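Some notes on the structure that comes next.
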Amino acid sequence: MRQEKFKMERPGLLEIGDKVQISEFQSYMNYSYIIEPAVAMSGCYKNADRIKAKEGIVTNIEHTPQGYYITAEFEA
0 MRQEKFKMER PGLLEIGDKV QISEFQSYMN YSYIIEPAVA MSGCYKNADR
50 IKAKEGIVTN IEHTPQGYYI TAEFEA
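Counted from 1, the sequence shown has number 64 at position 65 by numbering that gives the first Met the number 0; the numbering is strictly sequential.
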């Protein structure tokens, strides 16, 4: 299993245990991911680090002064 972090701007959009679907976006040299329907966004990943699975499960929600961070677990 692979765990990745996503940033969410508002509370209450996701709960621990929720199944999430992600969409992949490609820029010139990086990939980024959005938890649909546009509730949280990942950082940038190089080609070798792409998330292959399109569905995961929320395992943690952390509130920090910068916002809410979602940890989601995906099949490797």
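Ideal Cβ positions, reconstructed from N, Cα and C, are used throughout, including at glycine. Because the structure is a prediction, the values reported are computed rather than measured.
C-alpha gap between residue i and residue j, whole angstroms
i, j, result
"residue 35", "residue 46", "21 Å"
"residue 26", "residue 16", "30 Å"
"residue 53", "residue 61", "22 Å"
"residue 57", "residue 70", "6 Å"
"residue 20", "residue 11", "17 Å"
"residue 50", "residue 42", "12 Å"
Residue(s) in a DSSP beta bridge with residue i
i, result
"residue 59", "70"
"residue 20", "54"
"residue 39", "34"
Boundaries (first-last residue) of the beta strand (DSSP E) holding residue i
i, result
"residue 26", "That residue, residue 26, is in no beta strand (DSSP E); it is neither H nor E in DSSP."
"residue 3", "1–7"
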